[in-house]
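Chemist:
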Amino acid sequence: MENYLSGIRHYDREEYDAAIGLLEQALKDYEAADSECRILCEGPQKFEDYEYLDYKAVLYEAIADHCMQVLRCQHECVRQLATRPGRLSPIDNFLPLHYDFLQFAYFRVGNYIQALECTRTYLLFHP
1 MENYLSGIRH YDREEYDAAI GLLEQALKDY EAADSECRIL CEGPQKFEDY
51 EYLDYKAVLY EAIADHCMQV LRCQHECVRQ LATRPGRLSP IDNFLPLHYD
101 FLQFAYFRVG NYIQALECTR TYLLFHP
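With the first letter of the sequence shown counted as 1, position 23 gets the number 23 in the UniProt record's numbering; the numbers rise by one all the way through.
#1: Go through its chain and collect everything with a Cβ distance to E119's Cβ below 8 Å, but skip five positions before and after it.
#2: Kindly indicate the opening and closing residues of the alpha helix (DSSP H) around T121.
#3: First and last residue of the alpha helix (DSSP H) that includes L95?
#4: How should F101 be labelled, buried or exposed, when 16 other C-beta atoms within 10 angstroms of its C-beta is the threshold for buried?
#5: For G7, name the three-state secondary structure that DSSP assigns.
#6: What number of angstroms, rounded off, separates the C-alpha of E2 from the C-alpha of A26?
#7: Since S35 is in the alpha helix (DSSP H), which residue starts that stretch and which ends it?
#8: Does DSSP put V58 in a helix, a strand or coil?
#9: Report buried or exposed for I20, applying the criterion of at least 16 other Cβ atoms within 10 angstroms of its Cβ.
#10: When DSSP labels each residue in this structure, what does R13 get in the three-state scheme?
#11: State the Cα-Cα distance for the pair A33 and L97, rounded to the nearest angstrom.
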């Protein structure tokens, strides 16, 4: 998050070379943090919905419950990574915004091929 916010500050000051480096690093940091968070979701889960019952799930129900909890946890990773420290709500479209800023920064420094690649990636999120 720190590299992203610094990159945006440089972008706003029209310091595009510095912004590109920081935003590219922010993407690498995001991917590493997202992978780590998703891996942590893969472990054993606690069946919170059934604690009050003397619930004994059959195999298929246990597998389905586990998969749902893993998916819920992984979905929460995206939200956590897009939330600034001290804030409650995440930044909307956090990952696509990296590519949005990068495409214009690359365009401003004259690197049109990289700008086009960032534009194509951005359009994967917002066709």
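Glycine included, every Cβ here is placed at the ideal spot set by N, Cα and C.
Modeler: Put simply:
#1: Before going on, a small fix: residue 119 reads as Thr here, not Glu. Exclusion of the five residues before and after T119 leaves Y99 and Q103 as the residues of its chain whose Cβ lies within less than 8 Å of its Cβ.
#2: It spans Y112 to F125 - the alpha helix (DSSP H) in which T121 sits, taken as one unbroken run.
#3: From DSSP, the alpha helix (DSSP H) with L95 extends over F94 to V109.
#4: By the neighbour-count criterion, in which a residue is buried when 16 or more other Cβ atoms sit within 10 angstroms of its Cβ, F101 is buried.
#5: Secondary structure of G7 (DSSP, three-state): helix.
#6: About 8 Å.
#7: In the DSSP assignment, S35 falls within the unbroken alpha helix (DSSP H) covering Y16 to C41.
#8: In the structure shown, the three-state DSSP call for V58 is coil.
#9: With 16 or more Cβ atoms within 10 Å of its Cβ, I20 is classed as buried.
#10: In the structure shown, R13 falls within a coil segment according to DSSP collapsed to helix, strand and coil.
#11: Looking at the two C-alpha atoms, the distance is approximately 17 Å.
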